[in-house]
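See structure below.
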Amino acid sequence: MKIQNVVVGAGFAGACIARRIAEEKNESVLVIDKKMHIAGHAYDEYNEHGVLIHKYGPHIFHTNNKLVWNWLSRFTEWNNYQHRVLSYVDGFYVPMPISIETINSLYNLNLSTFELESWLDERRLKDLLIKNSEDVVLSKLGRDLFEKFFKNYTFKQWNLDANQLDASVISRIPVRHNRDTRYFSDRYQGLPTLGYTKLLSKILEHKNIHLLLNTEWSNIKPDLSYGKLFYTGSIDEYFDYSLGNLGYRSVKFEYETFFDREYFQKVGTVNYPNDYDFTRITEYKWLTGQKILQTTIAREFSSSEGEPFYTVPNASNQILYKEYTKMIPNNVFFIGRLAEYKYYNMDQIVERVLFLDI
Ligand SMILES: Cc1cc2nc3c(=O)[nH]c(=O)nc-3n(C[C@H](O)[C@H](O)[C@H](O)COP(=O)(O)OP(=O)(O)OC[C@H]3O[C@@H](n4cnc5c(N)ncnc54)[C@H](O)[C@@H]3O)c2cc1C
Numbered sequence: 043m044k045i046q047n048v049v050v051g052a053g054f055a056g057a058c059i060a061r062r063i064a065e066e067k068n069e070s071v072l073v074i075d076k077k078m079h080i081a082g083h084a085y086d087e088y089n090e091h092g093v094l095i096h097k098y099g100p101h102i103f104h105t106n107n108k109l110v111w112n113w114l115s116r117f118t119e120w121n122n123y124q125h126r127v128l129s130y131v132d133g134f135y136v137p138m139p140i141s142i143e144t145i146n147s148l149y150n151l152n153l154s155t156f157e158l159e160s161w162l163d164e165r166r167l168k169d170l171l172i173k174n175s176e177d178v179v180l181s182k183l184g185r186d187l188f189e190k191f192f193k194n195y196t197f198k199q200w201n202l203d204a205n206q207l208d209a210s211v212i213s214r215i216p217v218r219h220n221r222d223t224r225y226f227s228d229r230y231q232g233l234p235t236l237g238y239t240k241l242l243s244k245i246l247e248h249k250n251i252h253l254l255l256n257t258e259w260s261n262i263k264p265d266l267s268y269g270k271l272f273y274t275g276s277i278d279e280y281f282d283y284s285l286g287n288l289g290y291r292s293v294k295f296e297y298e299t300f301f302d303r304e305y306f307q308k309v310g311t312v313n314y315p316n317d318y319d320f321t322r323i324t325e326y327k328w329l330t331g332q333k334i335l336q337t338t339i340a341r342e343f344s345s346s347e348g349e350p351f352y353t354v355p356n357a358s359n360q361i362l363y364k365e366y367t368k369m370i371p372n373n374v375f376f377i378g379r380l381a382e383y384k385y386y387n388m389d390q391i392v393e394r395v396l397f398l399d400i
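Each residue of the sequence shown is one higher than the one before, starting from 43 at the first, in this note's numbering.
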């Protein structure tokens, strides 16, 4: 069968690409996904207790890009949720990212914005050549804060020490020199009011888009010929791991629902860098704003086994990824988190797709 455009993956990348082709080129697009549902890692669903949860971990939309926000706003309204995170350190729940409030509560100080600058300046390691994630934190915050917040958390999450991880991994974590205790400071923030799955189903709702779920690319490929292929799955899997396996981290979730209280914790997410085996606990009601008496939390355990969630950006993986890209045929486009072997937030994926030459 000959098809003009095939998109593998019905996550953010695949859905947005399909919509652009269908709308702007008025061409037909076949979207396939091996999962039984659309929305990829942003998938949300109501659990058996009626609580809206994010099956693959908490997703908070945030962007400074007005174009991205406006494009998505054609398909959804937003709940304007502003994410807040606490970190449990030395027996205290303190705000993340590290801000004046964090330092003042943890060290029992009363620093002003101006004083924080010099307090950090006395502690940060100056003239450090930044080679890895540990260097990033030491040069921004110094050793004590690195050990309290980052050292063990990084190991729990990646099973690697921070000095074995590319500098880009931790440089995403902002440090606040003010009293803003929100986790993100982007201009536009929120969750789709009806959820991500509804948002992506609206994006995919077009007469030129044909969706096939529960369909693995390698099974359908022999029966298809296509003009263009947009592939949003793992690049090493696409090439049948012929050059070797790229590294990934997975996450396992342990859910618990409470019927005796409306809320379990004070904010959406609490990080546990040094205590317990899980990395963090998210309570979904904070994010979704759902009004319901019971509440569900998810404890996250990082794992080397299972479906790929995070790429592991270190030198050897980057080299291997580059080798795979040399094998990409002209009519195949690798777009997205796993396809480009790069951590992308949802807004970055949408931006990438909006500027893509389709
Ligand atoms: C735990 C976690 C938390 C996150 N939190 C946030 C957040 O708060 N804010 C934010 O902006 N971003 C967040 N992200 C990032 C966000 O998930 C990604 O930006 C987004 O999901 C990427 O979309 P994608 O389409 O590239 O990939 P995916 O969502 O992974 O979609 C790829 C799709 O392709 C399908 N597929 C793959 N291979 C095949 C194949 N061979 N055959 C058929 N189908 C295939 C998969 O089933 C999947 O549905 C988070 C990510 C994780 C892992």
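Idealized CB from N, CA, C, for every residue including glycine.
Given a cut-off of 7 Å, decide if residue j and residue i are closer than it, judged by their beta-carbon atoms.
i    : j    : result
V71  : I80  : no
V11  : T274 : Since the first residue shown for the chain is 43 and the last is 400, residue 11 is missing from the structure and cannot be characterised.
D75  : A57  : no
F117 : P315 : no
K168 : S344 : no
R303 : I323 : no
I251 : A84  : no
N122 : G232 : yes
E176 : A204 : yes
N261 : M78  : no
L171 : S181 : no
I339 : F306 : yes
V73  : L271 : no
L153 : V136 : no
G82  : V293 : no
Q46  : E69  : yes
L380 : S284 : no
V178 : S213 : yes
K44  : S227 : no
Q336 : T299 : yes
V50  : W259 : yes
V110 : E382 : no
T239 : D399 : no
Between which two residues does the beta strand (DSSP E) containing residue i stretch?
i    : result
R166 : Where R166 is concerned, there is no enclosing beta strand (DSSP E), given that its DSSP letter is neither H nor E.
F103 : 103-105
E87  : 86-88
E279 : Per DSSP, E279 belongs to no beta strand (DSSP E); it is in the alpha helix (DSSP H), 277-280.
V211 : Here V211 belongs to no beta strand (DSSP E); instead the alpha helix (DSSP H) covers 209-213.
Since residue i sits in a beta bridge, which residues does DSSP pair it with?
i    : result
W120 : P234
V374 : L271
P355 : P355 pairs with nothing; no bridge assigned.
F226 : Answer is none; F226 lacks a bridge partner.
M138 : V127
S344 : V293
H252 : L72
I45  : Y268
T330 : T330 is not bridged to any residue.
I323 : V312, R341
T299 : T338
N94  : At residue 94 the sequence reads Leu, which differs from the Asn that was named. Bridge partners of L94: Y88.
V50  : I74, Y273
Starting from residue i and walking both ways along the alpha helix (DSSP H), at which residues does that stretch end?
i    : result
N194 : 194-200
N112 : 108-115
A55  : 54-62
R379 : Looking at the DSSP string, R379 is not in any alpha helix (DSSP H), and its letter there is neither H nor E.
N150 : Element bounds for N150: n/a, residue is neither H nor E.
S181 : 175-183
V217 : Where V217 is concerned, there is no enclosing alpha helix (DSSP H), given that its DSSP letter is neither H nor E.
M78  : Segment: none, M78 is in no alpha helix (DSSP H) and carries neither H nor E.
N262 : A small correction: the amino acid at residue 262 is Ile; Asn does not occupy that position in the sequence shown. It spans 259-262 - the alpha helix (DSSP H) in which I262 sits, taken as one unbroken run.
Q390 : 388-396
Below 8 Å on the Cβ atoms is my contact criterion, and I expect residue i with residue j to pass it. Report the Cβ-Cβ distance as a whole number of Å.
i    : j    : result
Y352 : R291 : 4 Å
L288 : L207 : Contact flag wrong, Cβ pair sits at about 15 Å.
V395 : I377 : 7 Å
L183 : V217 : 7 Å
N373 : G269 : 7 Å
N313 : Y195 : 7 Å
Cβ of residue i versus every heavy atom of ligand 2: is any distance shorter than 6 Å?
i    : result
N387 : Ligand 2 is not part of the structure shown, which contains ligand 1 as its ligands.
Between the region 325-339 and the region 86-95, can you find at least three pairs of beta-carbon atoms closer than 8 Å? yes
State whether the region 362-375 contacts the region 97-117, with contact taken as three or more CB pairs (one from each stretch) at a distance under 8 Å. no
Under 8 Å: do the region 98-112 and the region 379-390 share three or more Cβ pairs, one atom per stretch? yes
Are there three or more Cβ pairs, one per stretch, closer than 8 Å when the region 130-145 is compared with the region 219-227? yes
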